[in-house]
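Residue numbers (the numbering used here): 1 to 431.
Step one of this worksheet: look at the structure below.
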């Protein structure tokens, strides 16, 4: 590591403290987005960033959120600090949204909950809670997982292990390998799982596989940590997308939830999220919350933002707005399903070379906003250079940003790239 020179004693114009600091590479996803914005090619397509876009390529402000904001502003809401744990009406509604209003843990007061800064912020609070409050030293992630997961936990001082998830084609779940890796973990190991719409693959366990995992976690005494970023947005059904979380609670586990409302409410820039920990007793939940507030949140950011949480609380807590929101969620999810079907159909029509023996079926088998295409990094780079189609180098495409009108163009780019550059032999799944 390059260290800046120290100031010379008595020097009138000493070097600055950061004079010798070197730049680091951009985040791979954010760097692609910046490259896309600077690209003047008229037919460029951005499939790199995980954000929903309309058919016209514009950001979408949900009507339920628009009305919630109108109501909040009309009430003349204050700009006072929130308490360390956040806006209570939001936190309570968010917990019920994830666990269900009839959750035994919620009804017993056994859930420690607080507002956090969307997905990344909730994960970081969780990481520091695990380290400082529970004495956890390591977290295990699926291989692959969201690119920022490892960095968040490592920055909090935790070791990061992994477990098998996808097969060699990177398009389907290798459940046997997943179970084999989890069986080798010692008791009390913390295992992160994606509650619905695994990122980056869109490949989820079946309900029977989730049930088998719940049994395995009980047998091996593993700790389930759920990243729940897509509830309601993954399938259009908030209840279906909460199946795994609620199953683990019903089976007597004490799941930890890191929750975000960026995708399902479209509140990307408002940073609305929460952390929920199911505990054994009401006293344990109260004690844990007090420690997380004082040891983690107070010295980190002290008080979460008010406005976005007010909007989320308004939507979650008002029957009419919530029904309107459900309709909008279903419409967004259905548009992505339609785009999946169109892309698969066009790839098959063009006879584009698929990554595995099952053809392009995985495009429609996967769920959520991302398609893990199975394309290799050289193929992805070729599409970016020739057709100006931007997706991440692990082959992930954000179908939430793909307009129906662009499907033929993207499919043709895949066809050309896979014809020009054969698939590599794969012996391991790249992150």
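Idealized CB from N, CA, C, for every residue including glycine.
Asked	Found
Length of the line joining the Cα atoms of residue 63 and residue 419	44 Å
DSSP-derived helix/strand/coil call for residue 140	strand
Start and end residues, beta strand (DSSP E) containing residue 227	223-228
Rounded C-alpha distance that separates residue 157 from residue 99	29 Å
Under 8 Å between C-beta atoms of residue 122 and residue 231	no
Same chain, Cβ closer than 8 Å to residue 326, neighbours up to 5 away in sequence not counted	232 and 238
Buried versus exposed call for residue 166 [16 or more other C-beta atoms within 10 Å across all chains shown]	buried
For residue 370 and residue 200, believed in contact at Cβ under 8 Å, the rounded distance	5 Å
Reference residue 220, options 240, 187, 271 and 305, closest by Cα	187
Proximity of residue 367 and residue 343 at Cβ, strictly below 8 Å	no
Of the listed residues 104, 92, 274 and 333, nearest to residue 250 (C-alpha basis)	104
Residue 307 - containing alpha helix (DSSP H), residue span	307-317
Sub-8 Å separation of residue 267 and residue 336 beta-carbons	no
Cα-Cα separation between residue 118 and residue 308, rounded to whole angstroms	10 Å
Distance between beta carbons of residue 314 and residue 376, contact taken as under 8 Å	Not quite, the Cβ-Cβ distance comes to about 45 Å (not below 8 Å), so this is no contact.
Same chain only: Cβ atoms within 6 Å of residue 426, ignoring 5 sequence neighbours per side	Residue placement at residue 426 is flagged as unreliable, the pLDDT there being 45, under the threshold of 50; the coordinate-derived value follows with that caveat. Answer for residue 426: 168, listed in chain order.
Paired residues, beta bridge with residue 390 - DSSP	46
Chain-order list of residues whose beta-carbon lies under 7 Å from that of residue 207 (same chain, five-residue window excluded)	243
Per-residue DSSP class, three states only, for residue 53	strand
The stretch 317-331 / the stretch 350-364 touching (three or more Cβ pairs under 8 Å)	no
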